[in-house]
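Asker: Questions regarding the structure given below will be posed in turn.
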Amino acid sequence: MDTTTPFGASLSDLQQILSGKRGAPVPPWAVQELQHRLVLLLNHVLQQEPAAMLRLKQHKGQRILARWQAYSLFLAITPAGMLDLADAAAQPDLSIVLADEAPLDIARRLMQGEKPTVHIEGDVQLAAEVNWLADHVRWDLEEDLSRLVGDVPAHLLSQAAMGALAVLRSFAARGVGAFGSTR
Numbered sequence: 666m667d668t669t670t671p672f673g674a675s676l677s678d679l680q681q682i683l684s685g686k687r688g689a690p691v692p693p694w695a696v697q698e699l700q701h702r703l704v705l706l707l708n709h710v711l712q713q714e715p716a717a718m719l720r721l722k723q724h725k726g727q728r729i730l731a732r733w734q735a736y737s738l739f740l741a742i743t744p745a746g747m748l749d750l751a752d753a754a755a756q757p758d759l760s761i762v763l764a765d766e767a768p769l770d771i772a773r774r775l776m777q778g779e780k781p782t783v784h785i786e787g788d789v790q791l792a793a794e795v796n797w798l799a800d801h802v803r804w805d806l807e808e809d810l811s812r813l814v815g816d817v818p819a820h821l822l823s824q825a826a827m828g829a830l831a832v833l834r835s836f837a838a839r840g841v842g843a844f845g846s847t848r
């Protein structure tokens, strides 16, 4: 039986990528574009929470390195309390390394309401602020959707998404792993 996907990868290749055993090759230009988009999204979320921006203003000029597998994101805190891409050659004030290798393990932890395992080095106060941000800042997706489609459709879409997320959380809590296997 041919298990090749239309994109040229076999199902076993995809399973290895999702389990963290093999990284997908990503061209450098795509990584840079994704990083720019991620910073825009993070700043958008920060702008929805003025307290978060005030907390970050206290750390203006400090740099954060976030790393997962072979991917690194260097961020600098701006005087406005937002984030910008930083020079990768500069020494970070805080280094956060995501310890979980497999994307599915990370997703499972998040769906179970747990934080992924991280290794942190550097400025303790900055680390405390980043932890506060992780605990308290949430993207108000329903508000953003309401600007596009109106309040009622945005609310209905948000409720449907929360219902789907609840199903996924219960699925993850039962311990069903990738591709139907159980733990």
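Residue numbers (my numbering): 666 to 848.
All residues carry an ideal CB built from backbone N, CA and C; glycine is no exception.
Looking at C-beta atoms only, is the number of pairs between the segment 756-769 and the segment 729-740 that lie closer than 8 Å three or more?
Answerer: Contact holds: three or more Cβ-Cβ distances are below 8 Å.
Asker: When DSSP labels each residue in this structure, what does residue 803 get in the three-state scheme?
Answerer: Coil at residue 803, not helix or strand.
Asker: Assign residue 749 to one of three DSSP states: helix, strand, or coil.
Answerer: DSSP places residue 749 in strand when its eight states are reduced to three.
Asker: Compare the Cα-Cα distances from residue 744 to each of 708, 788, 698, 781 and report the closest residue.
Answerer: 708
Asker: Need the endpoints of the beta strand (DSSP E) that residue 786 sits in, please.
Answerer: 783-787
Asker: Assign residue 832 to one of two classes, buried (16 or more other C-beta atoms within 10 Å of its C-beta) or exposed (fewer than that).
Answerer: With fewer than 16 other CB atoms across the displayed protein chains lying within 10 angstroms of its CB, residue 832 is exposed.
Asker: Cα separation between residue 694 and residue 703?
Answerer: Distance between the alpha carbons of residue 694 and residue 703 is about 14 Å.
Asker: Quick check on the DSSP output: the alpha helix (DSSP H) that includes residue 704 runs from which residue to which?
Answerer: 693-712
Asker: Sort out for me which residues DSSP pairs residue 742 with in a bridge.
Answerer: 748
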